[in-house]
Structure formats: structure tokens, C-alpha cells
Amino acid sequence: MPSFEAPYAFGTPQAKIPPPEHGLIPVVKRVHTDKPYVFITIDDGQVPHPMALDLMRRSKTRPTLFLTDRYVEGHRGYFKDLRDQAGATIENHTLSHPNLRGKPYEVQHKEICGASDAYQREYGKRPVLFRPPYGNYDDTTRKAAADCGIKALVLWTETINDGAMQFQTGTKLKPGDVVLMHFRKTFVEDYTAFLTKAKEDGMTPVPLEDFLTP
Ligand SMILES: [Zn+2]
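Residue numbering for the sequence shown follows the numbering used here, starting at 34 and increasing by one per position.
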């Protein structure tokens, strides 16, 4: 399994989150960098795979976890271990994974703030990044997220399913790409597919939070 040496000390801010436009937080699909860095993000939390911690530690990668509180409930210690022992970061992916687009402000605010409140309470740190379920959002989402303390809405450029990377364009990882996978039964295959492809394309996975700092 490929492993990666940090090109800088983790936690050293490399780039800041762009300021809000017209009072709306920015939507980030890819990170602006000319260096060979890519970002791995893992969503939902439905299957707390027992090999995840080992894979993250052995590969020296620090993913961003966009967690849905409904799936985190009952497994809070599992995700805390990924954070404390592998350096993963816990971010916001709503309370119950609804399609937010078109929903009233109150509904969106409750879904986003509810998860941020829970993670702040359980993990001692309030999320700064938010990923809308299904990638669906509207201006109300960007407003509600801002009001919950979120600084950026994060989408993705590639997905991994059943151990295979799926590209929106081309066949190689490029600087600034944000890769999406999920906590599923195929975690080992999916994570390994990412690590292998990153190595093959000369990219180093680094923490998203170092490039999207408030
Ligand atoms: Zn999701």
C-alpha cells in the first residue's frame, strides 16, 4: 500500500477560504493550488469499517470526514479514534441526509446547525466545512450554513465506487482535486484505489483543512 510523507507540517495553513460573495459562503469544487496535492473526503458514516484507522495510519493520510449525525450516533467513539489516532477531521453533512435544495430556511438551518452543535458537543470542535447531501444546495443553504458557523460548502471532482475511481473529466488526478468516497463495506478497496491512483499520478494527499482555513 502506498504511503505519503507530508510536504509540510500538518496543520500549517497553506491557503485561506475565499471571502463570502454577496453574503453567501463560497462553493468549493476544487482547491486552487499549483502543487501536486489532492484531497480525500469520506462521507456519511453508514458502515464504520474496522480497517479504516489502520489504512489511514499506514498510508499517513488525513482525510476529511463529512459525517451525517444519524449515522454517527452509536459510533461516536469510532470517529473520535479516526480523528485522534489518524488525524482525520470531522466536518458537517447534516443531521439526517435530506435533499436540501428548495427547502425552507428553518429546515436547512436545523439540519446544518444540528450536526454542528452535536459535533461541537461530542468532539469539542465546531465544523467549518459543509457538504450538502447529493451535492444539492441553493442560496438558502449557503446562508443557513454561514449562520451555523460554516465557512465553505465543499463539492468534489472525482468519486470512488466499488474500488474504482470515476472521473468527471480525463483519467488522471490533477492538483487541487477533491475525491469523494463513503464509509461502505468496500472501504478497503475504495481507499486503496485512491492511494494507488494518487501515487501513480504523482499526487500527495494532504488535509483539506490546511487549504481551506478560516
Ligand atoms: Zn452523503
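Every residue, glycine too, gets a C-beta built ideally from N, C-alpha and C.
Just so you know, these numbers come straight off a predicted model, no measurement behind them.
With distances taken from CA atoms, which of 145, 130 and 96 is nearest residue 115?
-> 96
Would you check if the segment 70 to 85 and the segment 205 to 218 touch, i.e. whether three or more CB-CB distances between them fall below 8 Å?
-> yes
Keeping to the same chain, check which residues put their C-beta closer than 7 Å to that of residue 248; ignore five residues upstream and five downstream.
-> For the chain, the structure presents residues 34 to 247; residue 248 sits outside this window and is missing.
When the Cα atoms are used, what is the spatial distance from residue 166 to residue 127?
-> 8 Å
Does DSSP classify residue 238 as helix, strand or coil?
-> strand
Where do the ends of the beta strand (DSSP E) carrying residue 191 lie?
-> 191 to 194
Proximity winner among 239, 162 and 204, relative to residue 193 (alpha-carbon distances) | 204
Between residue 37 and residue 139, what straight-line distance do the alpha-carbon atoms span, to the nearest angstrom?
-> 43 Å
Hey, would you say residue 94 sits closer than 8 Å to residue 243, going by beta carbons?
-> no
Consult DSSP for residue 188 and reduce its assignment to one of helix, strand or coil.
-> coil
Between 52, 63 and 174, which lies nearest to residue 202 when the distance is taken from Cα to Cα?
-> 63
What runs of the beta strand (DSSP E), each 3 residues or longer, lie entirely inside the segment 62 to 87?
-> 70 to 77
What's the gap between the Cα of residue 182 and the Cα of residue 228?
-> 32 Å
Kindly indicate the opening and closing residues of the alpha helix (DSSP H) around residue 201.
-> Neither: residue 201 is in no alpha helix (DSSP H) and is coded neither H nor E.
DSSP beta-bridge partners for residue 173?
-> Bridge partners of residue 173: none, in fact.
Starting from the N-terminal end, write out each residue whose C-beta falls within a distance shorter than 5 Å of any non-hydrogen atom of ligand 1.
-> 76, 77 and 166
Have a look at residue 109 and residue 150 and give me their C-alpha separation to the nearest angstrom.
-> 14 Å
Contact under 8 Å by Cβ, residue 100 with residue 221 = no
Note down, one range per segment and in chain order, each alpha helix (DSSP H) of at least 4 residues found wholly within the segment 85 to 110.
-> 85 to 92 and 102 to 105
Can you tell me which of the three DSSP states residue 216 falls into?
-> coil
Rounded Cβ spacing between residue 61 and residue 245 (contact assumed at less than 8 Å) | 7 Å
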